[in-house]
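Residue numbers (our numbering), protein chains in the order written: chain A, 53 to 362; chain B, 153 to 266; chain C, 29 to 253.
Written out below as structure tokens is the structure these notes cover.
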Amino acid sequence: MSELKSGSNLEKVLKAGHFAFTGECGPPKGANVEHLTEKFQYLKGNVDAVNITDNQTAVVRMSSLAASKLMVDEGLEPNFQMVCRDRNRLAIMSDILGAHALGIRNMLCLSGDHQTFGNHPQAKNVHDIDSMQLIALVKKMRDEGKFMNDEDIDVPPKMFIGAACNPFADPYEYRVYRLANKLEAGADFIQTQCIFNMDKFRDFMKKVVDMGLHEKCYILAGVTPMKNAGMANFMSRFVPGMDIPDSLIKRLKSVDKRDQAEEGIRFALEQVEEFKEMEGVAGVHMMAIEWEHKVPEIAERAKVLPRPVV
Amino acid sequence: MRLSYPADIKVIQVPCTGRVDILHLLNAIEDGADGVYVAGCLEGECHYIEGNLKARRKVEYVKKTLTELGIEPERVEMYNLSSAQGARFAEIAIEVVDKIRELGPTPVKSTHAA
Amino acid sequence: MIVADRKSLQEILAMVKDNKKILIAGCKGCVTVCNVGGLKEVEILASSMKIARKKEGNDIDIDIHVLERQCDTEYVAGISDIVDDYDAVISLACGVGPQFLSEMYKDQTFYPGVNTTFFGGATQHGVWEERCAGCGTCAIHNFGGLCPVARCAKSLLNGPCGGSSNGVCEINKDTECIWDSIVRKKMDAGQLEDLIGVKGIKDWRTARDGGPRRSIREELVQGNI
């Protein structure tokens with residue numbers, strides 16, 4: 053068994069062969085630390101690590117780096133998300149060093165939603181490097197101890213490197229190769245876009261397994277419990293890269309409005325059960341969007357508790 | 153057919169309304185015309201295939217310009233009729249003159265001494 | 029070519045609201061080809077402005093002049109004997125024009141009458157699309173002859189991102205996902221291997237990021253630079 057790359061809890065859990073369960077938390081639109089730490093409490097002990105989103109959907113929020121540090125202080129493990137939209141290579145590298153210095157050991161490397169979606173569409177977008185290059189950069193800094201320019205780093209940052217994968221975006225036939233590129237770039241683990249179209253995801257994972265990609269990284273399947281049919285409709289229509297089958301919307305609509313949330317959770321739990329058995333899937337990334345207080349219940353009912361201590 | 157139409161209209165003949173330019177329309181307004189309209193062939197029956205369609209787009213452009221300048225866009229119009237429709241020609245002429253009278257004189261007036 | 033859009037009449041009128049006599053200077057280069065700053069458009073602007081000012085009861089004298097190009101000093105020099113006759117000059121050339129004019133005629137005021145938008149071409153009559161970002165290091169041959177720097181909303185060199193849907197970019201339904209086209213072209217040609225592996229990080233020094241750029245061809249230079 054080779055030594056750990058970052059020593060993060062998530063890395064240890066995955067390496068020990070446990071079925072990982074990660075959560076997600078969006079920092080506040082303000083400096084409200086109290087509200088944030090309250091959300092942390094719902095996640096504590098119920099997940100292995102928590103993604104801290106980085107100006108998600110290009111809406112300004114508290115910095116993901118600062119929120120990740122607050123999470124470390126509360127005894128939870130953050131998965132620090134970083135988008136290429138808002139930082140050039142200087143800012144990226146200095147934030148990576150800063151993240152390590154603050155005790156952050158997981159990073160998710162993303163391109164970032166385009167700023168036209170957000171609340172400052174007038175912004176200049178940076179995209180000095182892209183997510184693929186960001187993955188390679190974090191790996192270089194960690195494994196070679198060098199900056200992008202090949203200068204030596206004094207105390208290299210140790211990060212467990214994550215990347216995103218959206219099997220539901222087009223062109224579908226290319227998506228598995230793009231995943232392979234991310235692994236070649238240096239991704240240690242993958243978190244997928246929210247999965248709703250299970251048929252398509254099964255097909256995708258078969259391709260992944262056929263190419264042996266699941267042996268080169270840990271793939272966590274993205275799950276988002278729907279709060280109601282309206283949310284499903286909205287995501288289907290307005291969130292880029294979402295594939296929500298009509299059958300799911302119909303299923304949510306088939307029950308009384310008051311019971312739609314429960315139906316959404318039931319669907320999510322069925323998904324988790326299937327992912328536990330699905331070849332190539334190493335865990336679940338539970339994105340309970342603005343529904344953090346439901347995570348304890350979902351984790352309990354998904355039978356993923358208690359979380360392993362490694 | 154001895155049809156009469158209002159004497160307020162000055163007819164300018166062109167071989168095809170495709171020859172009518174944005175500038176012709178603008179210059180007419182600039183020089184104090186209360187209104188301008190283009191009478192083209194029926195759509196689909198242009199001898200030059202799409203001269204009348206091009207004219208319509210130019211009329212639309214000038215309408216937009218007038219709107220931007222706070223001038224009633226109705227002062228510029230496009231009509232389609234065939235050369236056999238003499239009665240329709242007279243009818244349109246009356247219609248345009250009535251509408252322009254309703255709008256009143258052009259707000260575009262030179263302050264230069266004549 | 030360089031593509032531009034004319035500024036609104038209101039914006040242009042506001043620029044010269046205190047002026048009585050102006051010149052509108054067109055350009056026979058790119059802006060003539062993209063129908064925004066050639067003779068026809070200069071005449072249309074002049075007429076529209078005169079209509080507006082007459083309506084206000086504040087007539088304006090407007091002369092027009094279309095330069096061969098506004099991006100060559102020898103042509104810019106062509107208006108030297110008339111340029112001082114005006115209160116102000118509106119240039120309908122791309123952003124280069126009013127600057128060359130301002131640099132040569134320091135006492136005159138030059139206003140841009142157009143917004144310069146991109147390097148592109150006409151995909152059909154009346155429709156222009158961006159093709160080049162002028163990054164200074166062309167590598168389109170690596171992408172099936174299609175430029176992701178100019179045409180991907182995120183300038184991804186390793187696309188397509190997760191927002192690509194049915195060949196359309198996530199930013200809006202009218203924007204093609206150029207990475208979709210690149211990938212399909214490569215796959216159709218059986219050249220998928222060209223898209224395997226990570227495309228290296230770009231050196232942006234040759235782009236605007238490296239500061240204002242200058243191009244020198246010594247065999248053409250006469251005298252000192």
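In this text, a Cβ means the ideal position worked out from N, Cα and C, and glycines have one as well.
Quick one: residues in its chain with C-beta nearer than 7 Å to the C-beta of residue i, no 5 flanking neighbours on either side, listed in chain order?
i: C:I244; result: I253
i: B:E195; result: N204, L205, N232
i: B:E254; result: none
Can you find a C-beta in chain B that's less than 8 Å from the C-beta of residue i?
i: C:K56; result: no
i: C:D115; result: no
i: C:G66; result: no
i: C:N63; result: no
So, for residue i: in the same chain, excluding its five sequence neighbours on each side, which residues have a beta-carbon less than 6 Å away from its beta-carbon?
i: C:E157; result: G148, T151
i: B:Y200; result: C168, G170
i: A:H266; result: V260, G332
i: C:M43; result: Y139
Consider the Cβ of residue i: report whether some Cβ of chain D lies at a distance smaller than 8 Å.
i: C:L51; result: Absent here is chain D; the protein component of the structure consists of chains A, B and C.
Tell me the rounded alpha-carbon separation between residue i and residue j.
i: C:R236; j: C:E71; result: 34 Å
i: A:L300; j: A:M294; result: 13 Å
i: A:E322; j: A:M250; result: 11 Å
i: A:L95; j: B:T219; result: 59 Å
i: A:G127; j: A:K279; result: 29 Å
i: A:S183; j: C:T60; result: 41 Å
i: C:S193; j: C:A178; result: 19 Å
i: B:T258; j: C:Q127; result: 39 Å
i: C:D115; j: C:S108; result: 15 Å
i: B:A266; j: C:G85; result: The predicted model places B:A266 with a pLDDT of 44, which falls under 50 and marks its position as unreliable; any figure quoted below should be read in that light. Each residue's Cα considered, the two are about 14 Å apart.
i: A:A320; j: A:E196; result: 40 Å
i: A:I296; j: A:M159; result: 28 Å
i: C:G239; j: C:T165; result: 15 Å
i: B:L221; j: C:S75; result: 12 Å
i: A:V333; j: C:I30; result: 50 Å
i: A:V190; j: A:V124; result: 20 Å
i: A:V112; j: A:N171; result: 7 Å
i: B:E247; j: C:G162; result: 55 Å
Starting from the beta carbon of residue i, find every residue of chain B whose beta carbon is closer than 9 Å, and list them in chain order.
i: C:L37; result: T217, E220, L221
Using a Cβ-Cβ distance under 8 Å, would residue i count as near chain C?
i: B:P257; result: no
i: B:E202; result: no
i: A:Q108; result: no
i: B:E182; result: yes
i: A:Y94; result: no
i: A:N201; result: no
i: A:E225; result: yes
i: A:Q243; result: no
Along chain C, which residues have their Cβ under 7 Å away from the Cβ of residue i?
i: B:I174; result: I72
i: A:M145; result: Near A:M145 there are no residues of chain C at all, since even the closest Cβ is about 12 Å away, more than 7 Å.
i: A:I181; result: I229
i: A:T7; result: Past the edges of chain A, shown from 53 to 362, lies residue 7 of chain A, and the structure says nothing about it.
i: A:N218; result: G190
i: A:Q312; result: Per Cβ cutoff of 7 Å: no residues; A:Q312 is ~26 Å from chain C at best.
i: A:A188; result: V226
Quick one: which chain C residues come within Cβ less than 8 Å of residue i?
i: B:L178; result: I72, S75, S76, I79
i: A:H172; result: By Cβ distance, chain C contributes nothing, its closest Cβ being about 14 Å from A:H172, past 8 Å.
i: A:P292; result: G190, G191, S193, E198
Could you give the C-beta distance for residue i and residue j, rounded to a whole number, given that I count them as a contact under 8 Å?
i: A:A232; j: A:A215; result: Contact doesn't hold; Cβ gap of about 11 Å is too wide.
i: C:C189; j: A:S163; result: 5 Å
i: A:V228; j: A:V260; result: 6 Å
i: C:Q57; j: C:L120; result: The residue asked about is misnamed: residue 57 of chain C is Gly in this sequence, not Gln. The pair is not a contact, with the Cβ atoms about 11 Å apart (cut-off 8 Å).
i: A:V99; j: A:M338; result: 7 Å
i: A:F169; j: A:A72; result: Not really, about 29 Å apart at Cβ, beyond 8 Å.
i: B:V228; j: B:I174; result: The pair is not a contact, with the Cβ atoms about 10 Å apart (cut-off 8 Å).
Using a cut-off of 7 Å between C-beta atoms, extract the partners of residue i located in chain A.
i: C:I189; result: The sequence as given places Cys at residue 189 of chain C; Ile does not occur at that position. Going along chain A in sequence order, the residues near C:C189 (Cβ under 7 Å) are S163.
i: C:N194; result: D222
i: C:R236; result: Chain A residues near C:R236: none, gap ~12 Å exceeds 7 Å.
Please work out which residues of its chain come closer than 8 Å, Cβ to Cβ, to residue i, disregarding the five sequence neighbours upstream and downstream, and give them in chain order.
i: A:M53; result: Unreliable positioning characterises A:M53 in this predicted model, as indicated by a pLDDT of 45, which lies under 50. The coordinate reading is nonetheless provided below. Contacts found: K67.
Starting from the beta carbon of residue i, find every residue of chain B whose beta carbon is closer than 8 Å, and list them in chain order.
i: C:G85; result: K261, T263
i: C:K45; result: Simply none; closest approach about 14 Å.
Taking 8 Å as the CB-CB cut-off, is residue i touching chain A?
i: C:D208; result: yes
i: C:R233; result: no
In chain A, which residues lie with their C-beta within 8 Å of the C-beta of residue i?
i: C:K201; result: Ordered by position in chain A, no residue passes the 8 Å Cβ test against C:K201, which lies about 11 Å from the chain.
i: C:G225; result: N233, E236
For a contact defined as C-beta to C-beta under 9 Å, what are the partners of residue i on chain C?
i: A:N177; result: A181, K182, S183
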